[in-house]
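Step one of this worksheet: look at the structure below.
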Amino acid sequence: VFHYVFAITLLQKMPNLKTSIREITRIVRKDAKIVITALKKKFSPYELDVKLGNCGLNVELKFNSRHIKDFILVCNAK
6 VFHYVFAITL LQKMPNLKTS IREITRIVRK DAKIVITALK KKFSPYELDV KLGNCGLNVE
66 LKFNSRHIKD FILVCNAK
């Protein structure tokens, strides 16, 4: 069981996002932090919130800077 999971530019490469997120939430502790980055050219901020929410993640913090190519999100399992 993990306290932290880091998924760096992983989402856009997964064939089934829901299955991938479900597996992440299965292996973490109840109070774990899940840090995810996603390419801006692949997802909009709203789309990320909806997709992650539908997969059982609660986005606590979203970092979006025009100087980096990724969104950085800190999440926990619902």
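Take the sequence shown: its position 37, counting from 1, is numbered 42 in the working numbering, and each next residue is one higher.
We put the CB at the ideal spot given by N, CA and C, even for glycine.
Just so it is clear, the structure is predicted and the values come from calculations on it, not from any experiment.
(1) Is it buried or exposed for L62, if we count other Cβ within 10 angstroms and need 16 for buried?
(2) Note the first and the last residue of the continuous beta strand (DSSP E) segment covering R34.
(3) Thinking just about the alpha-carbon of each residue, which of I77, H72 and R71 is nearest to the one in E65?
(4) Which residues share a DSSP beta bridge with C80?
(5) Am I right that A37 and Y9 are in contact with their C-beta atoms under 8 Å? What's the rounded C-beta distance?
(6) Which of the three DSSP states is assigned to V6 in this structure?
For this structure:
(1) Buried, since its Cβ has 16 or more Cβ neighbours within 10 Å.
(2) Looking at the DSSP string, the run of the beta strand (DSSP E) that includes R34 is V33 to L44.
(3) The candidate whose alpha carbon is nearest that of E65 is I77.
(4) Answer is I39 and V64, bridged to C80.
(5) Yes, they are in contact, since the Cβ atoms of A37 and Y9 sit about 6 Å apart, within 8 Å.
(6) Of the three classes helix, strand and coil, the one that applies to V6 here is coil, per DSSP.
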